[in-house]
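Colleague:
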Amino acid sequence: FIRKGTYLVLEKLKTLVYRNFLKRIQAIEATNQLKLQRVQMGFKWCEEDVGLDEIECIIANLIYKGHLKGYISHSKRVLVLSKTNPFPIDPILKNT
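The numbering used here puts the first residue of the sequence shown at 369, with every later residue one more than the last.
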């Protein structure tokens, strides 16, 4: 992938896949508070073994990059999403 110059594209796509994955989980749960254990169950359903700490790291990066509006309650292991536009499209368009 590095020789063909597609590595950076794959890394950007990976971020978008995580964002859309969380968006679908939020749509299924129909709430703005997602337990990280539910997200972990989604990863297990996709046959990916991801720990809660790694999930927190993925979510923290999405929040930092502006792909997700919300915060993580570390003590309760909950992702609290913004009630208005928790998955903004603007950062995606700016980074392409």
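All C-beta atoms in this analysis are idealised placements derived from N, C-alpha and C, irrespective of residue type, glycine included. None of these values were measured; they are calculated from a predicted model.
1) Check this for me: beta carbons of LEU436 and ARG387, under 8 Å apart or not?
2) Would you kindly work out how many angstroms separate the C-alpha atoms of ASN453 and ARG371, rounded to a whole number?
3) For LYS427, count the other beta carbons within 10 Å of its own beta carbon; 16 or more makes it buried, fewer makes it exposed. Which is it?
4) Check each candidate in LEU430, PRO456 and LEU404 and name the one with the smallest Cα separation from GLY419.
5) Would you mind stating whether GLN401 and ILE423 have Cβ atoms separated by less than 8 Å?
6) Looking at the strands, I want to know which residues DSSP matches up with LEU447.
7) For GLY410, count the other beta carbons within 10 Å of its own beta carbon; 16 or more makes it buried, fewer makes it exposed. Which is it?
8) Going straight from the alpha carbon of LEU384 to that of LEU378, what length do you get?
9) Quick one: grab the DSSP three-state call for ASP417.
Modeller: Looking at the coordinates:
1) Their beta carbons are under 8 Å apart, which means LEU436 touches ARG387 by this criterion.
2) Roughly 38 Å separates the two Cα atoms.
3) A small correction: the amino acid at residue 427 is Ile; Lys does not occupy that position in the sequence shown. With 16 or more other Cβ atoms within 10 Å, it is buried.
4) Taking only the C-alpha atoms, the option nearest GLY419 is LEU404.
5) The Cβ atoms of GLN401 and ILE423 lie no closer than 8 Å to each other.
6) Beta-bridge pairing links LEU447 to LEU402 and ILE440.
7) Under this definition GLY410 is a buried residue.
8) If you take the alpha carbons of LEU384 and LEU378, they lie about 10 Å apart.
9) Annotated three-state conformation of ASP417 is coil, per DSSP.
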